[in-house]
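As structure tokens, the structure follows; a few thoughts come after it.
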Amino acid sequence: MSDIDRRPVSEEQPRRAACQHCRTQIQWIDCPTGGWWAHDDHPADDHDAEAA
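Written out as structure tokens, the structure is:
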């Protein structure tokens, strides 16, 4: 299964999860070429959001 197949798909409301590193809320930012997970409040240690 490719990463594209594992991407959350939601057009009506954002997909939310907890960050694997800091357990704070993150959401999926969708775009036509893919997407990414982003923190609601960016952490001070600048780690990337990764869904748990």
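Residue numbering for the sequence shown follows numbering that gives the first Met the number 0, starting at 0 and increasing by one per position. Each residue gets a CB set at the ideal place from its N, CA and C atoms; glycine is no exception.
Decide if residue i is buried, meaning its Cβ has at least 16 other Cβ atoms within 10 Å, or exposed.
| i | result |
| --- | --- |
| residue 30 | exposed |
| residue 48 | buried |
Report the option in the options whose CA atom is closest to the CA atom of residue i.
| i | options | result |
| --- | --- | --- |
| residue 25 | 15, 44 and 19 | 15 |
Would you identify the three-state DSSP class for residue i, choosing helix, strand or coil?
| i | result |
| --- | --- |
| residue 15 | strand |
| residue 29 | strand |
| residue 0 | Per-residue confidence for residue 0 stands at a pLDDT of 44, beneath the threshold of 50, marking its modelled position as unreliable; no derived number is given. |
| residue 41 | coil |
Using beta-carbon positions only, say whether residue i and residue j come within less than 7 Å of one another.
| i | j | result |
| --- | --- | --- |
| residue 20 | residue 46 | yes |
State the CB to CB distance for the pair residue i and residue j, rounded to an integer number of angstroms; the pair is presumed to be in contact (CB under 8 Å).
| i | j | result |
| --- | --- | --- |
| residue 36 | residue 50 | 6 Å |
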